[in-house]
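The structure appears below as structure tokens.
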Amino acid sequence: MAAACRFGLLHGENNLALTGSTMHRNLSSIGSLSGIMWNSKLPGTTGVAKRGIFSITTTSQVRSYGSNSRDEAARAPSSSSVTQKGRYTRGLNVKDEERPSRSRITVPQMTRTGRSETLTKYYATCAPGLEKVLAAELSSPLISAQEVEEGSAGVSFVGTKVTGYKANLWLRTAVRVLVQLAAGPLPLGRGQYDPVYMFVREAVDWPSLLVDESSEQYGRRESSGDREDVLPSSRARPATRASPQGYKFRNFVVQSRVWSCTDISSSEFATLRAKDAICDSVRDACGGNRPEPPEKGVVVDVPLFLSLYRDTAVLYRDLSGVSLHKRGYRDVMHKASLNEGIAAACLTITGWNPAVAGFGDANKNALQKERVLLDPMCGSGTFLIEAALMASNFAPGLLRRQWPFQAWHDFDQSAWKQCKDAALSAQLSSVPGVRLLGNDIHEGALSLCKKDAKTAGVLHLLELSCEDCQNYEPPVVPSLVVTNPPWGTRLTDEFSDGESEWLHATWQSLGRFLKEHCSLADVYVLSGNAEVTRAMHMRADKKWPVTVGGQERKLLHYHVLPPKARSEPIRQ
Numbered sequence: 001m002a003a004a005c006r007f008g009l010l011h012g013e014n015n016l017a018l019t020g021s022t023m024h025r026n027l028s029s030i031g032s033l034s035g036i037m038w039n040s041k042l043p044g045t046t047g048v049a050k051r052g053i054f055s056i057t058t059t060s061q062v063r064s065y066g067s068n069s070r071d072e073a074a075r076a077p078s079s080s081s082v083t084q085k086g087r088y089t090r091g092l093n094v095k096d097e098e099r100p101s102r103s104r105i106t107v108p109q110m111t112r113t114g115r116s117e118t119l120t121k122y123y124a125t126c127a128p129g130l131e132k133v134l135a136a137e138l139s140s141p142l143i144s145a146q147e148v149e150e151g152s153a154g155v156s157f158v159g160t161k162v163t164g165y166k167a168n169l170w171l172r173t174a175v176r177v178l179v180q181l182a183a184g185p186l187p188l189g190r191g192q193y194d195p196v197y198m199f200v201r202e203a204v205d206w207p208s209l210l211v212d213e214s215s216e217q218y219g220r221r222e223s224s225g226d227r228e229d230v231l232p233s234s235r236a237r238p239a240t241r242a243s244p245q246g247y248k249f250r251n252f253v254v255q256s257r258v259w260s261c262t263d264i265s266s267s268e269f270a271t272l273r274a275k276d277a278i279c280d281s282v283r284d285a286c287g288g289n290r291p292e293p294p295e296k297g298v299v300v301d302v303p304l305f306l307s308l309y310r311d312t313a314v315l316y317r318d319l320s321g322v323s324l325h326k327r328g329y330r331d332v333m334h335k336a337s338l339n340e341g342i343a344a345a346c347l348t349i350t351g352w353n354p355a356v357a358g359f360g361d362a363n364k365n366a367l368q369k370e371r372v373l374l375d376p377m378c379g380s381g382t383f384l385i386e387a388a389l390m391a392s393n394f395a396p397g398l399l400r401r402q403w404p405f406q407a408w409h410d411f412d413q414s415a416w417k418q419c420k421d422a423a424l425s426a427q428l429s430s431v432p433g434v435r436l437l438g439n440d441i442h443e444g445a446l447s448l449c450k451k452d453a454k455t456a457g458v459l460h461l462l463e464l465s466c467e468d469c470q471n472y473e474p475p476v477v478p479s480l481v482v483t484n485p486p487w488g489t490r491l492t493d494e495f496s497d498g499e500s501e502w503l504h505a506t507w508q509s510l511g512r513f514l515k516e517h518c519s520l521a522d523v524y525v526l527s528g529n530a531e532v533t534r535a536m537h538m539r540a541d542k543k544w545p546v547t548v549g550g551q552e553r554k555l556l557h558y559h560v561l562p563p564k565a566r567s568e569p570i571r572q
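For the sequence shown, full-length UniProt numbering begins at 1 and goes up steadily by one.
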């Protein structure tokens with residue numbers, strides 16, 4: 001567990017900033033975490049808290065402020081959670097004099113609309129084992145991220161708002177792209193005070209983040225002393241729901257992950273308290289209007305993720321929303337289909353991705369007249385479709401119609417349009433010198449492959465056949481073979497004797513095919529079963545661990561020798 005996450009702390013007289021040398025192991029799995037959605041009644045400010053809690057600056061000038069004001073601390077509980085003065089429900093029992101001062105929280109710049117040049121901290125998650133590939137993608141000229149640093153199940157980086165947009169458009173291996181909102185230590189050791197609640201409540205000016213600019217009440221806030229906080233007008237967008245007072249709000253979801261904290265062990269409890277803090281902050285700013293739960297099936301506008309590790313908290317907004325492996329070209333997924341992100345990572349490791357340098361053997365064949373990629377057991381064609389998208393320099397994010405950040409108050413529509421236009425102009429309509437061959441014995445799987453390839457716009461690049469692998473004769477000798485044969489565990493929960501024999505025969509026929517038809521080719525095989533892999537009677541010279549569906553697999557590399565070299569006796 002100690003290796004799961006290491007934080008670097010920059011201590012200054014007035015700041016405490018997270019460097020995040022390696023981030024959390026399970027950030028890549030936040031899509032499966034339990035989250036609590038809430039439609040938030042949220043007017044707000046322009047990015048600087050109006051109560052003197054914190055100031056928003058660039059990452060190079062992070063500042064934090066503390067306040068000992070009892071009035072400020074008294075606002076922490078909501079009116080509905082106070083049974084008598086100074087005493088809270090839901091397990092809290094803190095008198096006024098026991099309430100601590102506000103914790104010191106670092107807040108990266110939350111850029112305003114139209115100002116996309118400010119540097120911000122990001123964290124892109126991926127399957128464990130693919131951090132090096134993801135880091136190379138982020139460093140490529142397509143994204144040009146700064147301060148790229150591999151973590152555990154993810155990569156941290158720094159960039160502008162445009163960098164975040166490009167990351168969502170171009171990343172093929174990542175699961176999600178998170179933008180940091182705030183980071184700091186949890187205020188522990190202060191009686192029975194709830195540290196998660198106060199950290200989340202103080203970390204962000206939630207009204208400014210979640211209010212809809214088309215609200216009738218937008219631009220109005222509760223008076224604070226002799227000053228009235230005012231929100232600037234901005235572009236309006238359709239809202240999901242309006243309160244009787246005229247507020248319209250962006251809905252949000254909170255997901256949490258807890259590791260090795262002193263007083264907190266439940267991720268669900270952390271999620272609940274984070275949601276309470278956000279809702280109470282909004283209600284105080286909206287004159288007592290309480291947020292309502294979202295309708296079923298509502299698309300989340302502002303997905304949030306809270307990481308708690310060793311009493312240090314980091315709060316993120318999720319730019320991606322749905323996992324990035326869901327490109328948008330696949331409606332029906334076969335039970336044995338490979339995750340698109342894993343497939344793209346494997347192809348990058350082979351060197352097939354022209355935008356990412358430093359990997360694999362496919363680049364050795366770049367000077368040949370033809371670069372031929374073959375998948376002799378292509379199934380529904382994930383490798384082939386992803387390889388076609390890479391060869392045509394097609395940004396996978398262009399296949400998506402909707403992103404959460406398009407509903408955010410600081411969304412820069414002009415910058416986003418420029419990013420998309422640049423990606424569209426970079427796309428190649430044809431890829432001369434590249435051939436993509438696919439074969440599978442199942443007609444149904446090939447039908448799915450054709451359907452998905454057509455949706456992705458790359459069907460014209462594929463040459464498909466329906467044959468048993470042992471009978472298939474490719475039209476040309478491939479330079480690169482990438483395949484994901486059946487392992488057994490993907491297809492059934494039980495590994496029966498009959499299936500074992502079938503798998504052994506399948507892998508044996510694959511080995512014969514490679515030796516007969518793929519001389520001098522570089523072969524990459526994704527295997528989840530070492531026993532059946534031995535049936536190929538080939539020795540892998542390289543192995544990469546890849547986590548698929550939470551289980552560790554291996555990407556194996558073989559170099560197929562010509563028949564003469566294979567027949568020569570081994571010299572002692």
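Glycine included, every Cβ here is placed at the ideal spot set by N, Cα and C.
- Assigned with DSSP and collapsed to three states, THR483 falls in strand.
- For THR125, the pairing in a beta bridge is given by DSSP as GLY154, ARG176.
- Closest by C-alpha distance to VAL322, out of ASN168, LEU503, LEU186, VAL481, is ASN168.
- PRO545 counts as exposed, since fewer than 16 other C-beta atoms from the protein chains shown sit within 10 angstroms of its C-beta.
- DSSP places THR118 outside any beta strand (DSSP E), giving it a letter other than H or E.
- Under DSSP, the beta-bridge partners assigned to GLU463 are LEU437.
- Here THR271 carries a helix assignment [DSSP, helix/strand/coil].
- DSSP places TRP544 within a strand segment (E or B) once states are collapsed to three.
- Note: PHE305 is bridge-paired with GLN255, TYR316 in the DSSP secondary-structure output.
- By the Cβ criterion, the stretch 532-549 is in contact with the stretch 500-510, since at least three pairs of Cβ atoms, one from each stretch, lie closer than 8 angstroms.
- ASP440 has its alpha-carbon roughly 6 angstroms from the corresponding atom of GLU467.
- Separation of the CB atoms of SER260 and ARG310 is rounded to 5 angstroms, and the pair is thereby assigned contact status at 8 angstroms.
- Inclusion of LEU181 and LEU384 in the CB contact set at 8 angstroms is not warranted, their separation being larger than that value.
- Using a Cβ distance threshold of 8 angstroms, VAL133 and ALA388 do not count as a contacting pair.
- In the three-state reduction of the DSSP assignment, LEU188 falls in the coil class, being assigned neither a helical nor a strand state.
- Taking the CA atoms as reference points, CYS378 sits about 6 angstroms from GLY438.
- Distance from the CA atom of GLY381 to the CA atom of LEU306, rounded to whole angstroms, is 36 angstroms.
- In chain order, THR348, VAL356, ALA357, GLY358, PHE359 place their CB closer than 8 angstroms to the CB of ALA136, counting only its own chain and leaving out the 5 sequence neighbours on each side.
- Here THR262 is exposed: its Cβ has fewer than 16 other Cβ atoms, across all protein chains shown, within 10 Å.
- Distance from SER519 to VAL560 at the Cβ level is roughly 6 angstroms; contact confirmed, criterion being Cβ atoms closer than 8 angstroms.
- Look at SER527 here: in three-state DSSP terms it is strand.
- From the listed residues ALA540, LYS542, ALA530, PRO562, the smallest Cα separation to GLU552 is found for ALA530.
- Burial is judged here by how many other beta carbons sit within 10 angstroms of a residue's own beta carbon; LEU210 has at least 16 and is buried.
- Under the three-state reduction of DSSP output, GLY511 falls in the helix class.
- Assignment of ASP375 by DSSP, reduced to helix, strand and coil, places it in the strand class.
- Per DSSP, the unbroken alpha helix (DSSP H) holding LYS420 starts and ends at 413-426.
- Closest in alpha carbon position to GLN418, among ARG400, GLY154, VAL162, is VAL162.
- By the Cβ neighbour-count rule, HIS460 is exposed, with fewer than 16 other Cβ atoms within 10 Å of its own.
- In this structure, the straight-line span from the alpha carbon of SER152 to that of LEU188 is close to 26 angstroms.
- ALA355 sits in coil when the DSSP states are folded into three classes, being neither helix nor strand.
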